[in-house]
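Numbering (the working numbering), first residue to last: 16 to 282.
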């Protein structure tokens, strides 16, 4: 397995890998969008994680998902998005082992990794080294990179095309550089646009675990940024969080409901 030769610390709560073996604190979890559990800050390593977890790789809608079992940290799964020249990995997970790498290679390898926001930065540098590909992050979230590396490439502005037919869109909201990925017919949203149990709506929040809302103006701006892009399916951040159809209408309707709720106009 290629990757770091020194043992690097991984936060057990958020799953982000650091550039040192024993960090004193996790700024990602100390931020109000995340949390340090009552039991306190705890750390693990990739080797420890490999000894008791494995990755499931299976179909998720029209794409292939990769997620760790049993659940680790935030519990998100990544998605392989095929292009004409290899795959783009959308969002990332902490665990990378030989079995996972072999399965990804069998499916065409990776040409790039693109991540929606800092909670999913995980062990992105390990993945980038293993597949010899860049990690694409919006520059507005540069401060949250806890393991700097030449493989991390920052893009700026409101849109970026990592491959033909794919567009990264900065929506902001949850984080300043909060990003979604648009592909013909689908929107991969992480939890920048959150797929919720009521599949007729989506949600927008500054902090999901701590239930901190966003300003009305921010949510309306996020919805407006998506208006030029047609999509049916929305892929959220966890297994099974897929809205199969009518996605653009659902986002529009959800933004309007959010405004009504914040202004006290819901029944």
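We treat Cβ as the ideally placed atom computed from N, Cα and C, and that holds for glycine.
- Distance check between residue 165 and each of 186, 141 and 40 places 141 closest, using alpha-carbon atoms only.
- Taking a C-beta distance under 8 angstroms as the contact criterion, residue 94 and residue 78 qualify as a contact pair.
- Shortest Cα-Cα distance from residue 211 to any of 265, 182 and 179 involves 265.
- Only exposed fits residue 53, as fewer than 16 other CB atoms lie within 10 angstroms of its CB.
- Within the same chain, 71, 92 and 254 come within 6 angstroms of residue 82 by CB-CB distance, once the 5 residues on both sides are set aside.
- In this structure, residue 186 lies away from residue 272, with their beta-carbon atoms at least 8 angstroms apart.
- Listed as beta-bridge partners of residue 183 by DSSP are 175 and 196.
- In this structure, residue 252 lies near residue 205, with their beta-carbon atoms less than 8 angstroms apart.
- When only Cα atoms are considered, residue 176 and residue 40 end up about 35 angstroms apart.
- In the DSSP assignment, residue 78 falls within the beta strand (DSSP E) that extends over 78-84.
- For residue 146 and residue 281, the gap between their C-alpha atoms comes out near 49 angstroms.
- As the crow flies, the alpha-carbon of residue 125 is around 19 angstroms from that of residue 153.
- If you check the CB distance, residue 202 and residue 262 come in under 8 angstroms.
- In the DSSP assignment, residue 25 forms a beta bridge with 32 and 59.
- Assigned with DSSP and collapsed to three states, residue 87 falls in coil, not helix or strand.
- Contact check for residue 180 and residue 198: beta-carbon distance about 6 angstroms, within the 8 angstroms limit, so the pair qualifies.
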